[in-house]
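Each number in my numbering corresponds to the 1-based position in the sequence shown with 12 added. Glycine is no exception: its CB is placed at the ideal position from the N, C-alpha and C atoms. Keep in mind the model is a prediction, meaning the values are calculated, not measured. Have a look at the structure below, then the notes.
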Amino acid sequence: MKKILLILTVLMTLQAFAQQDPQYSLYMFNPLGVNPGYAGSRDAISGVLLHRSQWVGLDGAPTTQVFTLHSPLKNQNMALGFQLINDNIGPRTTQDISLVYAYKIKLGRGKLAFGLRGGILNYQYDWAKIEYKDQDDAIPTTANDNFILPNFDFGIYYNTNKFYAGIALDHLNQAKYNLSVIDTSTSVARKYINLTMTAGRAFALSDNLTLKTSAILRGQSKQGHIDINGSLLIKNKFLVGLTLTHRQTFVFMTEINITKTLKMGYAYDYTATQLTNGSSHELFIGYDFNTFKSKVVSPRYF
C-alpha cells in the first residue's frame with residue numbers, strides 16, 4: 013500500500029510546495045546559500061558540501077543536499093560563485109542550478125558587496141507517492157509533472173573580520189507554473205519573493221575562547237520568523253553552539269577546524285511538538301583552496 017504523506021495532509025497544500033525553500037540550521041557555515049553578496053568573502057576558492065535530513069522517520073520528510081563554490085577574481089573587487097541544490101519533500105524533487113556574481117567595495121574597516129544570483133529551478137512531481145483519502149482533494153490529472161523555471165536573487169553583504177550583516181531577496185522574478193490538478197483553484201504554483209536578513213558578531217572572551225553570535229530573519233509577504241544562535245569557539249579549533257528557533261526547535265551544533273583550510277560541522281535539531289516529535293540532522297564539510305595566501309586572514313570567524 014502506498015504511504016500517506018503526513019507532510020502533505022498537515023503542513024501544506026499543492027501551492028505550498030512551490031513556496032517552500034530549503035531551510036538550514038548551519039546557515040552561518042554556508043553564507044553563500046543565504047546571500048549571493050557573500051561570494052569571494054573568504055579571499056580563497058572556497059567550497060562547501062552540506063546534507064540535511066529533516067523530521068527523520070516521517071514519510072516524505074524533506075532531505076536536502078547543497079554544494080557551493082566561490083572565489084574572488086584577480087580583480088579583488090569582483091567574485092564569482094556556483095550553487096547546486098537538490099531538495100526532496102513529499103512528491104516533489106527540486107534542482108537549483110545557479111551562477112553568482114558579486115562586486116565589492118571597501119567601506120570603513122570592512123567590505124560592502126552586492127551580489128546577483130541567476131539560474132534555473134527544475135521541479136519534478138511524482139504524484140504516485142500520494143495516497144488520497146478524501147474525494148475533495150485536488151487530485152493531479154497526470155502521474156508526473158515537470159517544470160523548468162528561471163530564478164533570480166539579489167543580496168547585499170557587509171563584513172569585517174569580526175562582524176557581518178546582510179540582506180537578500182530571493183525569487184525576484186516570481187516564476188509560476190500550472191500543476192495538473194482537477195481543482196483549478198490550486199493549480200497555479202508561484203515562487204514568492206523571500207526576504208532574508210542575517211547578522212553576526214564575534215567577541216573575544218580570552219586568548220583561547222571566543223563567543224560567536226548570529227541571527228537570521230526570514231520573511232515572506234507579511235509573515236516572518238527569526239532564529240538566534242550563540243556559540244563558543246575554543247582555541248580557534250572547536251566550536252559548540254545552540255540555536256533557538258521559531259519552530260519550538262533547539263539546534264545543537266558543533267564544528268571542528270581540522271586544518272586552517274578544512275572544517276567539518278554537525279547540527280542536531282530537536283523539535284518538541286506533537287506534529288513531528290522528531291529530529292533533524294545536518295552535516296557539512298568546507299574547504300578553502302588557499303590561492304590568495306597574502307590575503308587570507310586567520311582566524312576567520314565568518
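Which listed residue (the options) has its alpha carbon closest to that of residue i
| i | options | result |
| --- | --- | --- |
| THR317 | GLY236, ASN134, GLY59 and PHE250 | Any question about residue 317 goes unanswered here, given that the chain covers just 13 to 314. |
| GLY253 | ILE179, ARG259, GLY277 and GLY45 | GLY277 |
| MET90 | GLY127, ASP300 and ASP33 | GLY127 |
| PRO74 | LEU111, GLN88, TYR36 and ILE109 | TYR36 |
| GLY45 | HIS237, VAL60 and LEU274 | VAL60 |
| PRO43 | ALA211, LYS116 and THR222 | ALA211 |
| GLY49 | LEU92, ARG259 and THR222 | LEU92 |
| LEU119 | TYR176, ASP239, HIS258 and ASN302 | TYR176 |
| PRO103 | ASN87, ASN156 and LEU221 | ASN156 |
| GLN260 | LEU274, ILE240 and LYS275 | ILE240 |
| PRO112 | LYS224, ASN190 and ASP182 | Contrary to the premise, residue 112 reads as Val rather than Pro in this sequence. Nearest of LYS224, ASN190 and ASP182 to VAL112, Cα basis: ASP182. |
Cross-strand partners of residue i (DSSP beta bridge)
| i | result |
| --- | --- |
| ILE246 | LEU221 and PHE250 |
| HIS293 | SER65 and TYR280 |
| ILE57 | PHE301 |
| GLY122 | LEU119 |
| TYR135 | THR106 and PHE159 |
| ILE349 | With the chain represented from 13 up to 314, any question about residue 349 goes unanswered, as that position is not in the structure. |
| ASP239 | ILE228 |
| ASN269 | LYS275 |
| SER83 | LEU92 |
Residue j beta carbon less than 9 Å from that of residue i
| i | j | result |
| --- | --- | --- |
| ALA284 | MET265 | no |
| LEU62 | PHE296 | yes |
| ALA180 | LEU207 | yes |
| ASP229 | HIS237 | Before going on, a small fix: residue 229 reads as Leu here, not Asp. The answer is yes: Cβ separation under 9 Å. |
| LYS346 | ARG213 | Outside the displayed span of the chain (13 to 314) sits residue 346, for which this structure offers no information. |
Own chain partners of residue i with C-beta closer than 7 Å, once the 5 adjacent residues on each side are dropped
| i | result |
| --- | --- |
| ASN171 | SER53, GLY122, LYS123 and PHE314 |
| VAL68 | GLY290, SER291, SER292 and HIS293 |
| PHE250 | ILE268 |
Residues near residue i in its chain [Cβ-Cβ closer than 6 Å; skip 5 each side]
| i | result |
| --- | --- |
| SER197 | Legend: pLDDT at SER197 = 48, less than 50; position of this residue unreliable, no value from coordinates given. |
| PHE164 | GLY130, LEU184 and ASN185 |
| GLN95 | THR80 and SER110 |
| GLN232 | TYR204 and ASN206 |
| ALA114 | GLY49, ALA51, GLY52, ALA91, ALA125 and GLY127 |
| ASN158 | GLN136 |
The ligand NAD heavy atom lying under 8 Å from the CB of residue i
| i | result |
| --- | --- |
| THR105 | In terms of ligand content, the structure shown is empty, and the ligand NAD therefore cannot be addressed. |
Same chain, Cβ closer than 8 Å to residue i, neighbours up to 5 away in sequence not counted
| i | result |
| --- | --- |
| GLN66 | GLN35, ALA73, PRO74, THR75, THR76, ASP281 and SER292 |
Beta carbon proximity, residue i to chain E, threshold 9 Å
| i | result |
| --- | --- |
| LYS86 | Here there is only one protein chain, and chain E is not present. |
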